[in-house]
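Asker: Residue numbers (the UniProt record's numbering): 1 to 154.
The beta carbon of each residue, even a glycine, is placed where N, CA and C say it ideally should be.
Take this structure first; my questions come after.
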């Protein structure tokens with residue numbers, strides 16, 4: 001079964017509904033144990049108390065888990081790039097692999113592929129302390145330049 005749309009939830013339902021795929025069929029889309037399902041991403045984000053879902057007033061009741069799940073599901077279904085921009089920092093490394101799976105990457109346009117790659121790289125760099133390291137390297141480069149120009153003194 002070949003899917004041509006980019007909706008991960010529909011792809012999950014079609015994959016889950018596939019029965020007895022032929023082992024010789026290269027087009028078979030049954031999930032392997034290594035594949036990450038959209039429900040894993042959605043559940044992880046919806047349960048994280050640090051995630052911002054929507055603007056609320058002071059007296060508004062807290063969002064229920066179902067409302068959080070609905071918000072995350074809608075964002076993921078609409079755009080992977082928006083999902084990564086909004087919730088990417090709260091994902092774990094294994095969740096990021098969801099966006100690199102063959103079932104996902106085949107549906108990306110060249111622009112979407114570039115944007116998803118950009119956000120994945122940015123998120124991974126952030127997880128590895130990249131921003132802190134970049135700042136330190138910039139400061140060190142500025143210090144070296146001051147020393148070279150003879151304007152640095154201690």
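#1: With residue 78 as the anchor, note down where its alpha helix (DSSP H) starts and where it stops.
#2: With distance defined between alpha-carbon atoms, name the residue in 59, 97, 83, 143 nearest to residue 36.
#3: Taking three-plus beta-carbon pairs below 8 Å as touching, is the region 136-153 in contact with the region 110-124?
#4: Please look up how many angstroms separate the CB atoms of residue 46 and residue 69, rounded, as I've assumed it's under 8 Å.
#5: Over the uninterrupted alpha helix (DSSP H) stretch that includes residue 41, give me the two end residues.
#6: Between which residues of its own chain and residue 58 is the CB-CB distance below 8 Å, once the five residues before and five after are set aside?
#7: For residue 144, does the three-state DSSP call read helix, strand or coil?
#8: When the Cα of residue 125 is compared with those of 105, 93, 141, 75, which residue comes out closest?
#9: Helix, strand or coil: how does DSSP classify residue 60 here?
#10: Give the single residue among 136, 143, 78 whose Cα lies nearest to the Cα of residue 112.
Answerer: Taking the geometry as given:
#1: Walking along the chain shown from the start, residue 78 turns up at place 78. Taken as a continuous stretch (DSSP letters only), the alpha helix (DSSP H) holding residue 78 covers 65-78.
#2: Against the chain shown, residue 36 aligns to sequence position 36. For residue 36, the nearest C-alpha among the options comes from 97.
#3: no
#4: Indexing the chain shown from 1 puts residue 46 at position 46. Indexing the chain shown from 1 puts residue 69 at position 69. Yes, they are in contact, since the Cβ atoms of residue 46 and residue 69 sit about 5 Å apart, within 8 Å.
#5: One-based indexing of the chain shown puts residue 41 at position 41. Counting along the chain, the alpha helix (DSSP H) containing residue 41 begins and ends at 38-47.
#6: Along the chain shown, one-based indexing puts residue 58 at 58. So the list is empty, once near-sequence residues are dropped.
#7: As a working mapping, residue 144 is identified with position 144 in the chain shown. Correct three-state label for residue 144: helix.
#8: For the purposes of this step, residue 125 is taken as the residue at position 125 of the chain shown. If we check each option's Cα against that of residue 125, 93 comes out closest.
#9: The sequence position of residue 60 within the chain shown is 60, counting from 1. In this structure, residue 60 counts as coil in the three-state DSSP scheme.
#10: The residue given as residue 112 occupies position 112 in the chain shown. Checking every option, the nearest Cα to that of residue 112 belongs to 78.
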